[in-house]
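Notes follow once the structure below has been shown.
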Amino acid sequence: MQTSREGSSAVTNLDAPSVIRVKRDGGVLSDAAIDWVIDGYTHGRVADEQMSALLMAIFLNGMTVAETTRWTAAMVASGERFDFTDLHRPGSSDRPAALVDKHSTGGVGDKITIPLLPVVMACGATVPQASGRGLGHTGGTLDKLESIPGFTGELSKDRIRRQLSEVGGAIFAAGELAPADRKIYALRDITATVDSTPLIASSVMSKKLAEGARALVLDVKVGRGAFLKTEADARELARIMIDLGNSYGVPTRALLTDMNCPLGLTVGNSVEITESLEILAGGGPADVVELTLALAREMLEVAGVDGTDPAETLRDGSAMDRFRALIAAQGGDLSRPLPLGSATETVTASHGGVMGDLDAMGVAMAAWRLGAGRAQPGEPVQLGAGVRIHRKPGEPVAAGETLFTLYTETADRLPGALAELDGAWTVDDAAAARRPLIIDRICSAESAGSV
Ligand code: URA
Numbered sequence: 006m007q008t009s010r011e012g013s014s015a016v017t018n019l020d021a022p023s024v025i026r027v028k029r030d031g032g033v034l035s036d037a038a039i040d041w042v043i044d045g046y047t048h049g050r051v052a053d054e055q056m057s058a059l060l061m062a063i064f065l066n067g068m069t070v071a072e073t074t075r076w077t078a079a080m081v082a083s084g085e086r087f088d089f090t091d092l093h094r095p096g097s098s099d100r101p102a103a104l105v106d107k108h109s110t111g112g113v114g115d116k117i118t119i120p121l122l123p124v125v126m127a128c129g130a131t132v133p134q135a136s137g138r139g140l141g142h143t144g145g146t147l148d149k150l151e152s153i154p155g156f157t158g159e160l161s162k163d164r165i166r167r168q169l170s171e172v173g174g175a176i177f178a179a180g181e182l183a184p185a186d187r188k189i190y191a192l193r194d195i196t197a198t199v200d201s202t203p204l205i206a207s208s209v210m211s212k213k214l215a216e217g218a219r220a221l222v223l224d225v226k227v228g229r230g231a232f233l234k235t236e237a238d239a240r241e242l243a244r245i246m247i248d249l250g251n252s253y254g255v256p257t258r259a260l261l262t263d264m265n266c267p268l269g270l271t272v273g274n275s276v277e278i279t280e281s282l283e284i285l286a287g288g289g290p291a292d293v294v295e296l297t298l299a300l301a302r303e304m305l306e307v308a309g310v311d312g313t314d315p316a317e318t319l320r321d322g323s324a325m326d327r328f329r330a331l332i333a334a335q336g337g338d339l340s341r342p343l344p345l346g347s348a349t350e351t352v353t354a355s356h357g358g359v360m361g362d363l364d365a366m367g368v369a370m371a372a373w374r375l376g377a378g379r380a381q382p383g384e385p386v387q388l389g390a391g392v393r394i395h396r397k398p399g400e401p402v403a404a405g406e407t408l409f410t411l412y413t414e415t416a417d418r419l420p421g422a423l424a425e426l427d428g429a430w431t432v433d434d435a436a437a438a439r440r441p442l443i444i445d446r447i448c449s450a451e452s453a454g455s456v
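For the sequence shown, this note's numbering gives the first residue as 6, with consecutive numbering after it.
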């Protein structure tokens with residue numbers, strides 16, 4: 006990863022070309038320059054073209070930890086910061102709400118938020134979750150939830166507050182929280198500047214520091230389907246985000262988790278909701294259950310909630326009850342069928358063996374080509390588009406067996422999606438060793454130079 010030169014040219018003239026030039030030439034942006042450019046972009050005084058050039062310069066030359074910290078603070082300051090510390094736990098008049106959240110740095114088939122929130126809510130935590138839409142090849146929790154008829158993530162602050170106190174959780178579009186991130190996030194998506202450590206750290210943490218959570222757990226993904234491909238880069242990202250959280254008085258920790266292979270058996274929008282409902286009903290793929298419970302335990306511990314075993318909430322139905330309450334509070338109707346693309350195609354195994362490699366990026370691109378993600382900002386996604394995986398790595402495969410089913414509303418998207426899947430999987434003679442899903446647990450930031 007490239008780094009900035011410390012201590013070089015301070016910006017004296019606060020205009021966009023000067024700020025861009027400093028970063029283009031590998032210099033360090035002053036606090037004043039960062040504050041100015043974030044404020045200017047939020048309010049339309051800095052143009053998209055100028056911010057695009059600056060983002061590319063940051064992508065290429067990095068930012069120091071001090072720059073990333075200031076960039077994050079400027080993004081937090083671009084909007085409102087929620088404070089729910091006066092709330093009580095649902096059903097209690099004297100116990101303060103344990104406000105905790107989780108954020109993933111982005112993966113493939115990563116529906117974990119959907120079963121996780123009701124699990125921790127059922128254990129007594131309160132979860133204010135500012136959530137995003139798809140970014141790059143990764144899906145967005147709000148896009149997935151909007152496949153439930155009637156569901157809305159556009160909640161006012163008063164509605165979020167009421168829902169937190171009555172239901173114990175809310176999943177909402179960031180709206181006026183860190184509006185600078187909303188604009189920059191959309192621009193990064195179309196300028197190939199997503200996979201940058203300082204830009205991911207500031208994007209995630211600005212939303213999380215503004216949303217009102219008082220403790221935070223990060224799921225930092227690493228591998229072919231993640232924005233960061235190496236463990237060293239992912240660890241660095243985890244450390245800087247932990248540092249940022251702690252510096253705001255929000256105890257923060259991270260799990261480093263594998264993203265070489267998609268999570269679970271579905272990648273898309275409604276197909277991931279179907280799988281989440283299976284998890285909440287006590288079934289579902291083992292990897293999704295494992296990560297949901299591991300993150301739940303971290304969230305409860307960092308928030309100081311003890312008592313209920315999170316696994317018990319999946320067995321006794323209390324997490325499903327919380328999910329139904331959360332979805333109903335946000336207008337969703339789970340009694341109506343979820344959309345599913347009417348044009349389908351399957352991929353079958355030409356020979357038997359063991360499911361070998363399954364490349365998360367290939368599956369993500371297939372789902373994206375089917376219409377599950379966006380090609381242009383603001384474009385609607387196909388709620389019923391996606392890929393169902395029938396065999397996970399290591400599972401036996403018979404010749405002629407279906408390995409993947411593809412769904413879309415637009416049949417002419419199928420050939421492009423099939424081409425993305427081509428080469429993204431193998432059937433081998435024997436199972437290969439794979440790294441564990443949960444690679445590490447990082448609780449403190451033994452920080453960090455340039456990112
Ligand atoms: N999630 C975010 O909110 N921002 C990023 O940049 C990546 C993942």
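Here a beta-carbon is modelled for each residue, glycine too, at the ideal position from N, C-alpha and C.
Measure from the alpha carbon of residue i to the alpha carbon of each residue in the options, then state which is nearest.
i	options	result
P267	L296, E306, D99	L296
V33	P344, L59, R240, V352	L59
T198	A416, T69, M61, V294	M61
T349	P401, Y190, V227, L411	L411
G361	A372, V294, P398	P398
G337	T157, A52, V24	T157
Please classify residue i as buried or exposed, where buried requires at least 16 neighbouring CB atoms within 10 angstroms.
i	result
G378	buried
S449	exposed
L65	exposed
T90	exposed
E277	buried
G96	exposed
D99	exposed
D263	buried
R50	exposed
Pick helix, strand or coil for residue i, following the three-state DSSP scheme.
i	result
T118	helix
S252	helix
E151	coil
T235	coil
V272	strand
F409	strand
T157	coil
P123	helix
M360	strand
A130	coil
G345	First, the residue type needs correcting, since residue 345 is Leu and not Gly in the sequence shown. Note: L345 maps to coil in three-state DSSP.
A175	strand
In its own chain, which residues sit with a C-beta less than 6 angstroms from the C-beta of residue i, not counting the 5 before and 5 after it?
i	result
V172	A330, L331, A334
T407	T351, T353, H395
L19	W41
Taking the alpha-carbon positions, what's the residue i to residue j distance?
i	j	result
L419	R374	8 angstroms
V392	G367	11 angstroms
S14	A429	Per-residue confidence for S14 stands at a pLDDT of 41, beneath the threshold of 50, marking its modelled position as unreliable; the derived number appears in the next sentence. Each residue's Cα considered, the two are about 46 angstroms apart.
F328	S152	15 angstroms
E181	R439	42 angstroms
A424	A21	42 angstroms
H142	T69	27 angstroms
P315	D321	10 angstroms
S161	G84	14 angstroms
E317	D292	17 angstroms
I117	S281	8 angstroms
For residue i, which residues in the same chain have their Cβ closer than 7 angstroms to its Cβ, ignoring the five residues on either side in sequence?
i	result
I205	T110, F232, L242
R75	D36, I39
T257	L221, L223, M246, I247, G250, N251
D200	F232, L233
G376	V386, Q387, A390, T413, E414, T415, R418
A218	L104, V105, D106, P133, V255
M304	V105, K107, V125, A130, V222
D194	L140, G141, P382
L121	K107, T297, L300, A301
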